[in-house]
Amino acid sequence: KKLEDLGIKVAVLYGAEDLDGAYKNIMDISTILGVTEKGQTIVDGMKKKVESVENKVKSLNKSKIYYMVDFGKADFSAGGDTFIGKMIEKAGGDNIAKDTKGWNYSFEKIVENKPEMIILSDKFNTKKNFLTADKYKELPASKANKVYEIDDNMLLRQGPRQADGLEALAKLFILK
1 KKLEDLGIKV AVLYGAEDLD GAYKNIMDIS TILGVTEKGQ TIVDGMKKKV ESVENKVKSL
61 NKSKIYYMVD FGKADFSAGG DTFIGKMIEK AGGDNIAKDT KGWNYSFEKI VENKPEMIIL
121 SDKFNTKKNF LTADKYKELP ASKANKVYEI DDNMLLRQGP RQADGLEALA KLFILK
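Everything in the sequence shown is counted per my numbering, starting at 1 for the first residue and increasing by one.
And the structure:
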């Protein structure tokens with residue numbers, strides 16, 4: 001309101017819930033900036049990459065995936081209603097937290113769902129710290145050395161790189 005009172009135009013964009021929302025935000029921003037064609041080119045490139053990923057993973061035997069957001073005293077994963085949860089499914093994984101809303105996910109549920117693959121951030125020695133924490137050593141994915149790092153900026157920061165994040169997830173799932 002204060003900016004508008006000063007004659008400054010204000011636009012509010014909300015975090016997208018899925019890739020369609022990300023496409024809309026990119027188009028809204030490009031329209032505001034007067035570069036609609038550039039925005040459409042970006043969105044078309046993202047859609048092409050997403051379609052390519054979907055075609056590559058459609059016949060994939062889905063592994064049970066635990067996307068580890070944080071761990072220790074409490075555990076956090078990408079629930080089925082989160083952008084990342086939806087990306088896991090779209091990339092060909094079976095998100096063990098798909099029936100959960102939000103980010104809270106109990107250790108007991110992790111054990112119960114027996115993840116075959118664990119995906120975590122490539123920042124802050126996360127993998128090393130995770131693998132040396134006693135309570136996670138007996139998970140099937142830990143025992144099978146199926147704990148993989150990903151640049152989580154490609155998933156967490158909404159924009160064109162999310163199509164790259166989807167592709168990176170799919171490559172991990174295809175590796176399994």
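For each residue, glycine too, the CB sits at the ideal point set by N, CA and C.
| Check | Outcome |
| --- | --- |
| If the criterion is Cβ atoms closer than 8 angstroms, does the pair M87 and L156 meet it? | no |
| Given a cut-off of 8 angstroms on the beta-carbon distance, is the pair P115 and K64 in contact? | yes |
| Taking K143 as part of the alpha helix (DSSP H), name the residues at either end of that continuous run. | P140 to K143 |
| For the alpha helix (DSSP H) containing V57, name the first residue and the last one. | T36 to V57 |
| Nearest CA to the CA of S106: which residue from G45, G165, L166 and D70? | D70 |
| Measure from the alpha carbon of N113 to the alpha carbon of each residue in L139, M68 and F130, then state which is nearest. | L139 |
| Would you mind working out which of L13, K2, A22 and V12 sits nearest R161, comparing C-alpha positions? | A22 |
| Under 8 angstroms between the Cβ atoms of N25 and L33? | no |
| For F173, count the other beta carbons within 10 Å of its own beta carbon; 16 or more makes it buried, fewer makes it exposed. Which is it? | buried |
| CB V92 to CB K62, shorter than 8 angstroms? | Checking the displayed sequence, the identity of residue 92 turns out to be Gly instead of Val. Closer than 8 angstroms, so yes. |
| Would you identify the three-state DSSP class for S121, choosing helix, strand or coil? | strand |
| Pick helix, strand or coil for D70, following the three-state DSSP scheme. | strand |
| Where DSSP assigns a beta bridge to V147, which residues make up the other side? | I118 |
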